[in-house]
Amino acid sequence: MISHRSWPFRMKVNLISLGCPKNLVDSEVILGRLGEKGYSLTTSPEDADIIIITTCSFIEEARRESHRVISKIVSQKSPLQKLIVCGCLPQLEKRKLFIRYPQIDALLGSADFYKIDEVIDEILNGKKRLFSVNEPRFIYNSSFPRLLSTPPSYAYLKIAEGCSNRCSYCLIPFLRGSYRSRPVDDVVKEAKNLANLGVKELILIAQDTTFYGKEAGECLLPPLLRKLDEIDKIRWVRILYTHPAHLDSAIIQAIASSNKVCRYLDIPLQHSHDEILVRMRRPKFEVAERAIEQLREKIPDIVLRTTLMVGFPGEEERHFNKLLKDVERIKFDWLGAFIYSPEKGTPAYSFSPKVPLKVKKRRYKELLELQQSVTLGKNKRRLGKVYSILVDADKEGHTEFQAPEIDGKVLLSEKHLPGELIRKKIVKIRDCYDLVARG
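Residues in the sequence shown are numbered consecutively from 95, following our numbering.
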């Protein structure tokens with residue numbers, strides 16, 4: 095059962111969710127589980143009897159944010175309040191968190207959150223420093239209640255958990271376990287539940303959506319897309335976190351032939367120089383280029399987003415210059431970038447030569463400045479055209495070519511109901527990324 099916020103009053107819970115949409119879904123399952131048990135939700139940590147923090151540890155910056163939030167809560171909470179820390183940070187640092195923060199009452203690993211109600215019962219009955227960090231194997235299913243925290247217009251739909259790609263820089267297989275897919279029928283059941291709540295857009299997420307089902311020998315993304323196409327109340331289906339090596343012709347054809355899958359695809363590439371990609375344990379760039387060519391051939395109006403990394407060990411100016419040239423040539427509509435963070439426990443941690451931080455920051459700035467000009471050019475071509483806009487808030491929404499929360503948004507001149515799908519003309523660009531619509 096999935097619901098929006100409507101709980102009976104009992105003990106108050108405040109949940110702080112950090113990290114990516116995949117983590118957000120876990121947080122929504124936690125809230126759904128506790129809502130089913132009669133707990134009440136509060137947005138204020140000061141008013142809560144129980145404070146839950148779901149953490150991220152993908153890179154150093156995410157860990158710093160997690161520690162910063164825990165430190166703040168620990169400094170403010172009363173002795174009567176209970177504090178539970180969940181997710182990737184306990185999975186990584188384990189009992190060290192108890193030493194650093196004696197005020198924590200329980201630690202749950204990245205796949206242990208389904209025990210949340212039992213854990214709360216135990217700590218309320220006097221159990222101290224409860225530790226439940228196990229090998230990540232669990233993935234929720236449609237029978238789990240879930241309390242949505244996104245606007246009424248869209249919801250994330252997690253189709254798989256974990257990763258088996260083993261990129262040299264990445265902690266995800268250690269933090270989240272090996273790749274494991276949910277059954278197609280179970281995903282479709284949850285999708286129908288979301289549709290019945292009024293959700294208009296489903297955003298498919300996993301560490302690698304294009305690997306869905308392949309750990310068992312068969313790619314299940316095309317049949318899943320065909321079944322989601324049949325859900326009447328759903329208007330858009332968006333696919334995030336694809337992998338160029340797994341983006342095969344069957345998936346591309348399924349997207350091209352769908353009535354509801356957005357003409358939008360997120361393909362994180364990380365880099366474009368083969369010498370760096372080999373060190374990253376990523377596919378050679380020709381694999382990504384071939385996938386992009388096929389996508390643009392089969393779906394001429396497709397919008398592409400990518401994510402790139404700068405400052406990987408051994409990245410020289412010639413590698414970075416090729417990356418800039420490829421970004422300028424391929425012209426992704428949207429692009430995110432991050433600076434390489436050495437993660438202890440990954441093969442790349444010991445790689446050399448290291449790139450100085452000053453150089454990393456300069457390359458990061460150059461890359462984003464280049465992309466800004468590309469995105470601005472793309473948005474200029476949208477001026478004067480009429481698009482369907484899914485309303486997320488009173489005067490704000492997004493189009494098919496914008497993923498909510500990560501791309502630009504559309505600012506509306508008049509109020510509309512969240513969840514409404516409207517048609518408006520793009521009349522202005524604001525701050526390069528956002529658009530203004532009227533009419």
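C-beta: ideal position from N, C-alpha, C; glycine also.
As the structure is a computational prediction, the values presented were derived from the model and not from experiment.
Contact annotation: Ser-366 and Leu-417 have beta-carbon atoms nearer than 8 Å. A contact is defined here as three or more CB-CB pairs under 8 Å, and the region 142-156 fails this definition with respect to the region 241-259.
Under the three-state reduction of DSSP, Arg-476 is assigned to coil, being neither helix nor strand. By the Cβ-count criterion, Lys-209 is buried, with 16 or more other Cβ atoms from all chains shown falling within 10 Å of its own Cβ.
Out of Phe-495, Leu-314 and Leu-429, the CA that lies nearest to the CA of Asp-342 is found in Leu-314. For Ala-350, the secondary structure class from DSSP, reduced to helix, strand or coil, is helix.
Looking at the backbone, the Cα of Ile-333 and that of Glu-494 are separated by about 11 Å.
Relative to the Cα of Gly-271, the nearest Cα in the group Val-293, Gln-301 and Asn-290 belongs to Gln-301. With fewer than 16 neighbouring CB atoms inside 10 Å of its own CB, Arg-384 falls in the exposed class. In the three-state scheme derived from DSSP, where H, G and I count as helix and E and B as strand, Phe-305 is classed as helix. The beta carbon of Gly-292 lies closer than 7 Å to those of Pro-246 and Gly-513 in the same chain, with the five residues before and after it left out. It is roughly 9 Å from the alpha-carbon of Cys-261 to the alpha-carbon of Pro-267.
With a cutoff of 8 Å on beta-carbon distance, Ser-446 and Pro-407 are scored as near each other. Boundaries around Asp-360 are those of the beta strand (DSSP E), 355-360, since no alpha helix (DSSP H) includes it. At a cut-off of 3 residues, the continuous stretches assigned as beta strand (DSSP E) that sit fully inside the region 414-459 are 428-433.
By the neighbour-count definition (other C-beta atoms within 10 Å, threshold 16), Lys-286 is a buried residue.
The C-alpha of Ile-233 is placed about 30 Å away from the C-alpha of His-492. Secondary structure at Ser-226: strand, using DSSP grouped into helix, strand and coil. For the pair Asp-360 and Val-381, the Cα-to-Cα distance works out to about 15 Å. Just measuring C-alpha positions, the residue of Lys-509, Lys-327, Arg-329 and Leu-505 sitting nearest Val-530 is Leu-505.
Leu-462 and Asp-427 have their C-alpha atoms some 12 Å from each other.
Residue pairing for Thr-493: DSSP places it in a beta bridge opposite Ile-483. Runs of the alpha helix (DSSP H) lying entirely within the region 197-257 and spanning at least 4 residues, in chain order: 210-218. Counting along the chain, Lys-166 sits inside the alpha helix (DSSP H) bounded by residues 154-170.
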